[in-house]
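Novice: Below is one structure. I have some questions about it.
Residue numbers (UniProt numbering): 1 to 803.
In structure tokens, the structure reads:
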């Protein structure tokens, strides 16, 4: 099989991040290609041990082995047996492991004394946390507690957190930073199918004759999945590609049809695409009649959106909309993917649901090449959702269904009244509002950095700095958020603990402990269990709660919780996951080798007694009552939901003429906690930049590399300009850059979320990062070229001359 084995810097994988092509045709298996990266001068034969794991710097779930020598991680190697990647690795996989050995790893707990964080011992740190917890439980009750977690821990840790928060303490204030990246994915699936869980599979790429990517720059966010698509494009019978994105991403450059709508207008565009599909009768009418409800409402709504109307709203040519609709409507096997271009924009859930509508109308679910991937942004976001650590209830149980609460109460051996279900779970933005108002008094933040990632950072810093709010931060580095904490707990990183996690197409992987964590760092599971024991949490019979003691017993408890639910893990085990490929849930007696696709033959998890949610109004977000859902969908069919287009709350104006969007680059992950400490990745994208079109640059007298200030009503960011192929009227800022390595020498802000607004989708409660209105002013001339990547969406159009 092909191999790409390198040691040292391997600069070619920075410059050529998707590696060499292995073409294949429709219906064929994706060929293997094993990527290897080791420390300079080290060969594979010199490695002491190869330890099984999977990637955690994106949501693709690439299977890999960790190379260990002399007790250190010294490299990685792709697993050719794994169904997800067939041996390939993302550029962040290849180099990101180096962050485990960064000199500034947290090695001891810290506590705030006289306004400063100082090192301490575990007993002192945990005693402070426990004492504050007991005081608050006595004086303020469970609702004084909030837990804000991650999309990067393990399943066993999320489930433990959910049991402690929901069961032992009884707070409804539990969410993850998955609220920023994948909440809309979950909500869109619930709205259409009654339950979370990706209908499609990565293997649908192998069969599809059309792939539609809605706001999904897969080339940079899941680069190994893009390699799979590139290999199909290089082979016989390549699929047609539809790309919906205002930037000239690698996906757009390979697209058969590229639609670049004005940010905030996705619902208008989707309604127009559906208008054309219905008008041309590109439907499976038998499937719609037999397996869905709601078609007539959709038909009436989209009648209002002929291409000419959408063209005016979206600033996209009407003929291009027709071409996109024809691609969607005439494909024999259609795969659709959705990500942040929809999820973090105006009317996020409403737009994403319309993608589901296309597949329901065309009967393209549950068959090879016919699927939807409402993608995740993080490696373990699926676990956050299924384990109840994002505010939902464990096992995709319905907070509004009393029988589901009874099931959890029996599993946890607590009274039903102990589990909060009096209202929808509290989402992250509301939690921070409660902290701002003073009713939430303790916030435990795990493996995330909201002081960089949340919108309107000035406000977030003020909230986290309140003296009345007790902030616990559990992380591997002293992040911008840790700087504002009262107690900092040093955690073990990936490769330093054991657990399972599930990727965006429901593939479960086992990650084994490869090395010891540094200093006094502890696995997140151990920290949570230590807290539970010190708090002396007990179930109804006086037994410790939770009762498990390590990762494998926590996994066994999760299996019992998942039994009979859509995310059924009862057929999995650590032993079964060792040595081979990851396995897709549900995996049980009926599906002992896992389940490749959901909803075959129109069978859904939408029955009123079984479904995870009863749905919401797509405009207001108001939850449907159980009786309303039963009346709408008594037989548990797929639900076709229509949505009216509404103008964004903040739209370009004379004073703020640009639409500002934020997003990612190929070489960094989130707030650069790990990738910013990886020399190869940091060198590939060392500084923040702002992208603008050549037309906008010319009209404003701006050249490539000029220093400019981008401002919104909330703040400003100073960055060098990259003149790219982005559409006119739109500016792009990567959101990765925070403060741990300081602002520039002149004191300019560089965090994109200084500019974003405190606003969220009414349905998914996901913050809106992609519809701010902005202005731009030139500060001074630059040095020729912005320090922005040239390999992907940020590629310059004229790097060596003035525009």
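Every residue, glycine too, gets a C-beta built ideally from N, C-alpha and C. These numbers were taken from a predicted model, which means no experiment stands behind them.
#1: Would you mind reading off the limits of the alpha helix (DSSP H) that contains residue 135?
#2: Taking the alpha carbon of residue 21 as the reference point, which residue from 32, 27, 14 and 625 has its own alpha carbon closest?
#3: Leaving out five residues before and five after residue 440 in sequence, what residues of the same chain have Cβ atoms less than 7 Å from its Cβ?
#4: Going by DSSP in three states, residue 466 sits in which element: helix, strand or coil?
#5: What separation, rounded to the nearest whole angstrom, lies between the Cα atoms of residue 721 and residue 688?
#6: By the 10 Å Cβ neighbour count, where 16 or more other Cβ atoms means buried, how is residue 262 classified, buried or exposed?
#7: In the DSSP assignment, find the alpha helix (DSSP H) that holds residue 341 and state where it starts and stops.
#8: For residue 145, list the residues DSSP reports as bridge partners.
#9: What are the uninterrupted segments assigned as beta strand (DSSP E) that are 3 or more residues long and contained completely in the segment 470–536, given in chain order?
#10: Using 8 Å for Cβ pairs, my map puts residue 680 next to residue 73. What's the rounded Cβ distance?
#11: Tell me the DSSP secondary structure of residue 455 in three-state form.
#12: If you measure from the beta carbon of residue 632 to each beta carbon in chain D, is any gap under 9 Å?
#13: Buried or exposed, going by whether 16 or more other CB atoms sit within 10 Å of the CB of residue 646?
#14: Using 8 Å for Cβ pairs, my map puts residue 243 next to residue 234. What's the rounded Cβ distance?
#15: State buried or exposed for residue 417, treating a residue as buried only when at least 16 other CB atoms are found within 10 Å of its CB.
#16: Hey, how far is the Cα of residue 176 from the Cα of residue 451?
#17: Use the C-beta contact count for residue 766: other C-beta atoms within 10 angstroms, 16 or more gives buried, fewer gives exposed.
#18: Between the segment 468–477 and the segment 534–550, can you find at least three pairs of beta-carbon atoms closer than 8 Å?
#19: Confirm, please, whether the CB-CB distance from residue 106 to residue 483 is below 9 Å.
#20: Would you report the Cα separation of residue 495 and residue 649, rounded to the nearest angstrom?
#21: State the CB to CB distance for the pair residue 564 and residue 604, rounded to an integer number of angstroms; the pair is presumed to be in contact (CB under 8 Å).
#22: Heavy atom of the ligand SAH less than 8 Å from the Cβ of residue 556, yes or no?
#23: Can you check the segment 231–278 for any alpha helix (DSSP H) of at least 4 residues that lies completely inside it and give the ranges in chain order?
#24: Quick one: Cα of residue 786 to Cα of residue 677, how far?
#25: Smallest Cα separation from residue 219: which of 210, 320, 337 and 270?
#26: Can you tell me whether DSSP reads residue 107 as helix, strand or coil?
#27: Taking a contact to mean a Cβ-Cβ separation below 9 Å, would you say residue 223 touches residue 18 in this structure?
#28: How many Å lie between residue 149 and residue 447 at the Cα?
#29: Distance, Cα to Cα, residue 8 vs residue 36?
#30: By how many angstroms is the C-alpha of residue 774 removed from the C-alpha of residue 802?
#31: Taking the C-alpha atoms as reference points, what is the distance between residue 653 and residue 122?
#32: Report yes or no: do three or more beta-carbon pairs, one from the segment 63–83 and one from the segment 569–586, lie closer than 8 Å?
#33: Taking the beta strand (DSSP E) that residue 34 belongs to, which residues open and close that run?
#34: Less than 9 Å between the C-beta atoms of residue 287 and residue 363, yes or no?
#35: The beta strand (DSSP E) with residue 52 in it runs from where to where?
#36: If I follow the unbroken beta strand (DSSP E) through residue 192, where does it start and stop?
Specialist: Checking against the coordinates, here is how it stands:
#1: Taking the chain shown and counting its residues from 1, the one referred to as residue 135 is at position 135. Counting along the chain, the alpha helix (DSSP H) containing residue 135 begins and ends at 122–139.
#2: Locating residue 21 in the chain shown gives position 21, where the first residue counts as 1. Selected option, being the one with the closest Cα: 32.
#3: Residue 440 sits at position 440 when you count from the first residue of the chain shown. Only 144, 146, 173, 431 and 434 meet the Cβ criterion.
#4: As a first step, residue 466 must be located in the chain shown, where it is residue number 466. Three-state result, residue 466: coil.
#5: Position 721 of the chain shown, counted from the first residue, corresponds to residue 721. Position 688 of the chain shown, counted from the first residue, corresponds to residue 688. Using only the alpha carbons, I get a separation of about 9 Å.
#6: The residue labelled residue 262 in the question sits at position 262 within the chain shown. Its Cβ being crowded by 16 or more others within 10 Å, residue 262 is buried.
#7: The residue given as residue 341 occupies position 341 in the chain shown. Per DSSP, residue 341 belongs to the alpha helix (DSSP H) from 340–343.
#8: On the chain shown, residue 145 is found 145 positions in, with the first residue counted as 1. In DSSP, residue 145 forms a bridge with 442.
#9: 470–475, 487–490, 499–502 and 507–511
#10: In the chain shown, residue 680 corresponds to position 680, counting from 1. In the chain shown, residue 73 corresponds to position 73, counting from 1. The pair is not a contact, with the Cβ atoms about 15 Å apart (cut-off 8 Å).
#11: As a position in the chain shown, residue 455 is number 455, starting the count at 1. Three-state result, residue 455: coil.
#12: Within the model displayed, chain D is absent; a lone protein chain is all it includes.
#13: The residue you call residue 646 lines up with position 646 of the chain shown. Exposed, since its Cβ has fewer than 16 Cβ neighbours within 10 Å.
#14: In the chain shown, counting from the first residue as 1, residue 243 sits at position 243. In the chain shown, counting from the first residue as 1, residue 234 sits at position 234. Wrong, their Cβ atoms sit about 18 Å apart, outside the cutoff.
#15: Position 417 of the chain shown, counting from 1, holds the residue named residue 417. With fewer than 16 other Cβ atoms within 10 Å, it is exposed.
#16: Within the chain shown, residue 176 is the residue found at index 176, counting from 1. Within the chain shown, residue 451 is the residue found at index 451, counting from 1. Roughly 14 Å separates the two Cα atoms.
#17: To locate residue 766, count along the chain shown from 1; it is residue 766. Counting Cβ neighbours within 10 Å, residue 766 comes out buried, since at least 16 surround it.
#18: no
#19: Position 483 of the chain shown holds residue 483. Position 106 of the chain shown holds residue 106. Contact flag unset, no.
#20: Indexing the chain shown from 1 puts residue 495 at position 495. Indexing the chain shown from 1 puts residue 649 at position 649. Their backbone Cα atoms lie some 44 Å apart in a straight line.
#21: What you label residue 564 is simply residue 564 of the chain shown in a count that begins at 1. What you label residue 604 is simply residue 604 of the chain shown in a count that begins at 1. With 8 Å as the limit, residue 564 and residue 604 do not qualify as a contact, their Cβ atoms being about 16 Å apart.
#22: No copy of the ligand SAH occurs in the structure displayed, which carries no ligand at all.
#23: 250–253
#24: By one-based count along the chain shown, residue 786 stands at place 786. By one-based count along the chain shown, residue 677 stands at place 677. Spanning the two alpha carbons is a distance of roughly 21 Å.
#25: Counted from its first residue, the chain shown places residue 219 at position 219. Residue 219 has its Cα closest to that of 337, out of 210, 320, 337 and 270.
#26: Position 107 of the chain shown, counted from the start, is the residue given in the question as residue 107. Three-state result, residue 107: coil.
#27: Within the chain shown, the letter at position 223 stands for residue 223. Within the chain shown, the letter at position 18 stands for residue 18. Against a cut-off of 9 Å, the Cβ pair of residue 18 and residue 223 comes out as a contact.
#28: Residue mapping note: residue 149 aligns to position 149 of the chain shown, counting from 1. Residue mapping note: residue 447 aligns to position 447 of the chain shown, counting from 1. If I take the Cα positions, the gap works out to 6 Å.
#29: Position 8 of the chain shown, counting from 1, holds the residue named residue 8. Position 36 of the chain shown, counting from 1, holds the residue named residue 36. Note that residue 8 has pLDDT 47, beneath the 50 cutoff, so the model's placement of it is unreliable and the number below is only indicative. Whole-angstrom Cα-Cα distance: 11 Å.
#30: As a position in the chain shown, residue 802 is number 802, starting the count at 1. As a position in the chain shown, residue 774 is number 774, starting the count at 1. Since pLDDT at residue 802 reaches only 32, below the 50 mark, its modelled position is unreliable, and no value is offered.
#31: As a working mapping, residue 653 is identified with position 653 in the chain shown. As a working mapping, residue 122 is identified with position 122 in the chain shown. The alpha-carbon atoms of residue 653 and residue 122 are separated by roughly 54 Å.
#32: yes
#33: To locate residue 34, count along the chain shown from 1; it is residue 34. Run containing residue 34: 34–38, per the beta strand (DSSP E) assignment.
#34: Locating residue 287 in the chain shown gives position 287, where the first residue counts as 1. Locating residue 363 in the chain shown gives position 363, where the first residue counts as 1. It is a contact, given that the beta carbons lie within the stated cut-off.
#35: In the chain shown, counting from the first residue as 1, residue 52 sits at position 52. Start and end: 49–54.
#36: Residue numbering aside, residue 192 sits at position 192 when the chain shown is read from its first letter. Taken as a continuous stretch (DSSP letters only), residue 192 belongs to no beta strand (DSSP E), being part of the alpha helix (DSSP H) at 183–193.
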